[in-house]
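In terms of full-length UniProt numbering, the sequence shown opens at residue 1 and continues consecutively.
Ideal Cβ placement from N, Cα and C applies to all residues, glycine included.
Here is the structure we will look at.
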Amino acid sequence: MKSALIAGITGQDGSYLAEFLLDKGYKVYGMRRRTSTPNYENVQHIKDQIEWISGDLTDLASLIEAVRISDPDEVYNLAAQSYVAASWPQPILTGNITALSVTNMLEAVRIVKPTARFYQASSSEMFGKVMEIPQKETTPFYPRSPYGVAKVYGHWITVNYRESFDMFACSGILFNHESPRRGLEFVTRKVTDGVARIKLGLQNELRLGNLDAQRDWGFAGDYVKAMWLMLQQNEPDDYVISTEETHSVRELLEVAFSYVGLNYTDYVVIDPKFVRPAEVDLLIGDCSKAKKKLGWKQEVSFVQLIRMMVDEDLKRVQAEARYMNVMALS
Ligand code: NDP
Ligand code: GDR
Numbered sequence: 001m002k003s004a005l006i007a008g009i010t011g012q013d014g015s016y017l018a019e020f021l022l023d024k025g026y027k028v029y030g031m032r033r034r035t036s037t038p039n040y041e042n043v044q045h046i047k048d049q050i051e052w053i054s055g056d057l058t059d060l061a062s063l064i065e066a067v068r069i070s071d072p073d074e075v076y077n078l079a080a081q082s083y084v085a086a087s088w089p090q091p092i093l094t095g096n097i098t099a100l101s102v103t104n105m106l107e108a109v110r111i112v113k114p115t116a117r118f119y120q121a122s123s124s125e126m127f128g129k130v131m132e133i134p135q136k137e138t139t140p141f142y143p144r145s146p147y148g149v150a151k152v153y154g155h156w157i158t159v160n161y162r163e164s165f166d167m168f169a170c171s172g173i174l175f176n177h178e179s180p181r182r183g184l185e186f187v188t189r190k191v192t193d194g195v196a197r198i199k200l201g202l203q204n205e206l207r208l209g210n211l212d213a214q215r216d217w218g219f220a221g222d223y224v225k226a227m228w229l230m231l232q233q234n235e236p237d238d239y240v241i242s243t244e245e246t247h248s249v250r251e252l253l254e255v256a257f258s259y260v261g262l263n264y265t266d267y268v269v270i271d272p273k274f275v276r277p278a279e280v281d282l283l284i285g286d287c288s289k290a291k292k293k294l295g296w297k298q299e300v301s302f303v304q305l306i307r308m309m310v311d312e313d314l315k316r317v318q319a320e321a322r323y324m325n326v327m328a329l330s
C-alpha cells in the first residue's frame, strides 16, 4: 500500500486529492494546523479514513515529524496563504507561508525521506502581467501580487532542490480551478453563493471589483488527478494545467445568473473595495505538454462547472435558511 502526506488537506484541493488517493488505495496522512474552531467541512465525509498529523508549514520541527510519522511515498504541498487579495494587507505572512515554508517542506523531505516524490502547488499567478498568450511552462514570470511573488519563490526552490539534491520534485503550474468546496471569498464561489441567495430572496445585490479580468477556470476534481500523474512519471518535471479557454468575470456572471433566470446587471454593484492594487488581466494556459506527457485532460467544462456550483449553493443556502427558520420558531 502506497502512502501519501498531504499538507493543506482541509482546503479545496486537499479534500479532492485525499478522495482521489483513498480511491486508489493509498494510506493518506493529512497534516493540519491547530485552529481554535474545527474546519473539517471539506473532509468531513472522509475524516475517519485519514491519519491526522498536527503540523504547521512555518514550523520545521513539525514537518520533520510529519514526514517521519507518515514515511510517505509521495508528499503533496498544497498548503499556502492562497487568497491573492489578502496578500497585500498581509505580505510578510504570505511570504513566510507561501514562499519560505516551501523550503521547510523540502528540507523535511530531504532530511527524513529524500526518496519521497514531492509535488509543489505552483500557480498561474506567477505569470501575472501578460508576457505571452497563451502561457506555458517557458513563459517568463512577472507576478503582480505578493502572493504571485511568493509562488515564484516556491516554484524555483522546488526546481532547485530537484537539481541540487536529485530529488523527485515537481511543480504543477495550475490555472484557476474551482468547485462547490471553493472558499466563499474567491470570485466564482462569491458569485454562485450570491446567485443562490438572490434567487432565494435572502440578498438583493452582489458587490464585486473588476469584471473585465479574464481567467482560465477549470474543475478542481479534474486538476488533482494531474498532480498525481506528475508524480507517477519516470522523471520529475514541471507542467501547466489549464482548460485552454478564458472567460471574463462578466461572462461568469452571465452564466451563473441566467442559469436561474436572472439578469446580473439588475444585481451587481461595483465596489472599489474589491479592486486590487495591481491586477492580472488575462490568463489562458497552454497545457499541451501535460496532455502529451501525462495523458491528462479536463472532464468538466466552464459552463458545467458554474452550473454545478450554483446547484450546490442553492441546496446549501436553502438548507441553512430552513434551519434558521426552525430555530426562530423554536
Ligand atoms: P485553500 O486555501 O482552499 O487551502 C489551503 C490549505 O492550506 C488549507 O488546508 C489551509 O489550512 C492550509 N494552510 C494554510 N496555512 C497553513 C500553515 N501555515 N500550515 C499548514 N497548513 C496551512 O487552497 P486551494 O485548495 O484552492 O489551493 C491549494 C494550493 O494550490 C495552494 O497552495 C494554492 O495557492 C495553490 N493553487 C490554487 C489554485 C486554485 O485555483 N485553487 C491555482 C493554483 C495554485 P486551514 O484550513 O487551516 O486554513
Ligand atoms: P485569483 O482568484 O486571484 O485568480 O487567484 P479570485 O477568484 O480571487 O479572483 C479572480 C479574478 O476576479 C476578480 N474579481 C474578484 N475577485 C474576488 N475574489 N472578489 C471579488 O469581489 C472580485 N471582483 C472581481 C479579481 O480581481 C481577479 O481578477 C486564485 C487563487 O486560487 C490562487 O491561490 C491561485 O493561485 C490562482 O487562482 C490561480
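Between the Cα of residue i and the Cα atoms of the options, which residue gives the shortest distance?
{"i": "Ala121", "options": "Val240, Ile64 and Ile50", "result": "Val240"}
{"i": "Val275", "options": "Ser145, Ile157 and Met31", "result": "Ser145"}
{"i": "Ala319", "options": "Lys292, Ala196, Val280 and Lys291", "result": "Ala196"}
{"i": "residue 364", "options": "Glu132, Val187, Glu178 and Phe118", "result": "There is no way to answer for residue 364, as the model of the chain reaches only from 1 to 330."}
{"i": "Ala278", "options": "Ala79, Gly209, Asn176 and Ile46", "result": "Gly209"}
{"i": "Thr35", "options": "Ser54, Thr138, Gln90 and Asp311", "result": "Ser54"}
{"i": "Tyr264", "options": "Asp56, Gly30, Leu252 and Lys273", "result": "Leu252"}
{"i": "Asn176", "options": "Thr58, Tyr323, Ile69 and Glu245", "result": "Glu245"}
{"i": "Leu294", "options": "Trp228, Val43, Asp13 and Val191", "result": "Trp228"}
{"i": "Met309", "options": "Asp281, Phe127, Arg181 and Leu60", "result": "Arg181"}
{"i": "Cys170", "options": "Glu163, Thr158, Ala61 and Glu178", "result": "Thr158"}
{"i": "Val303", "options": "Ser288, Glu254, Lys151 and Lys315", "result": "Glu254"}
{"i": "Ala226", "options": "Lys289, Ser248, Arg189 and Leu282", "result": "Lys289"}
{"i": "Asp311", "options": "Thr94, Phe257 and Pro114", "result": "Phe257"}
{"i": "Met230", "options": "Tyr76, Leu57 and Met1", "result": "Tyr76"}
{"i": "Leu283", "options": "Phe127, Arg162 and Ala108", "result": "Phe127"}
{"i": "Pro236", "options": "Gln214, Ala85, Ala116 and Gln90", "result": "Ala116"}
{"i": "Ser70", "options": "Asp281, Val112 and Ser82", "result": "Val112"}
Count the other CB atoms, across all protein chains shown, that sit within 10 Å of the CB of residue i; report buried if there are 16 or more and exposed otherwise.
{"i": "Lys24", "result": "exposed"}
{"i": "Val269", "result": "exposed"}
{"i": "Gly218", "result": "buried"}
{"i": "Gly11", "result": "buried"}
{"i": "Leu329", "result": "exposed"}
{"i": "Leu184", "result": "exposed"}
{"i": "residue 398", "result": "Beyond the ends of the chain as shown, which are 1 and 330, falls residue 398; an answer cannot be given."}
{"i": "Lys199", "result": "buried"}
{"i": "Pro38", "result": "exposed"}
{"i": "Ile92", "result": "exposed"}
{"i": "Ile173", "result": "buried"}
{"i": "Phe165", "result": "exposed"}
{"i": "Arg32", "result": "buried"}
{"i": "Tyr29", "result": "buried"}
{"i": "His45", "result": "exposed"}
{"i": "Met131", "result": "exposed"}
{"i": "Pro134", "result": "buried"}
State the start and end residues of the unbroken alpha helix (DSSP H) segment that holds residue i.
{"i": "Arg32", "result": "First-last for Arg32: Lys27 to Arg32, but that is the beta strand (DSSP E), not the alpha helix (DSSP H)."}
{"i": "Asn104", "result": "Ser101 to Val112"}
{"i": "Ala278", "result": "Run containing Ala278: none; DSSP gives neither H nor E here."}
{"i": "Val159", "result": "Pro146 to Phe165"}
{"i": "Ile306", "result": "Phe302 to Leu329"}
{"i": "Tyr16", "result": "Gln12 to Asp23"}
{"i": "Val84", "result": "Premise fails: Val84 is in no alpha helix (DSSP H) and is neither H nor E."}
{"i": "Asp48", "result": "No alpha helix (DSSP H) contains Asp48, which DSSP labels as neither H nor E."}
{"i": "Ile97", "result": "Looking at the DSSP string, Ile97 is not in any alpha helix (DSSP H), and its letter there is neither H nor E."}
{"i": "Val195", "result": "Val187 to Lys199"}
{"i": "Lys293", "result": "Ser288 to Leu294"}
How would you write the range of the beta strand (DSSP E) that residue i sits in, first residue to last?
{"i": "Trp52", "result": "Glu51 to Ser54"}
{"i": "Ile6", "result": "Ser3 to Ala7"}
{"i": "Leu174", "result": "Ala169 to Leu174"}
{"i": "Tyr119", "result": "Arg117 to Ser123"}
{"i": "Tyr223", "result": "Where Tyr223 is concerned, there is no enclosing beta strand (DSSP E), although the alpha helix (DSSP H) it sits in stretches over Ala220 to Met230."}
{"i": "Asp238", "result": "Asp238 to Ile241"}
What is the DSSP secondary structure of residue i, reduced to helix, strand or coil?
{"i": "Asp71", "result": "coil"}
{"i": "Asp212", "result": "coil"}
{"i": "Arg207", "result": "strand"}
{"i": "Val260", "result": "coil"}
{"i": "Gln135", "result": "strand"}
8 Å is my cut-off, CB to CB: does residue i come that close to chain B?
{"i": "Thr192", "result": "Among the chains in the structure shown there is no chain B, since it carries only a single protein chain."}
Discussion item. Across the segment 87–104 and the segment 129–142, are there enough close Cβ pairs to call them in contact, namely three or more that are closer than 8 Å?
Written reply: When C-beta atoms of the segment 87–104 are compared with those of the segment 129–142, fewer than three pairs fall below 8 Å, so the two segments do not count as touching.
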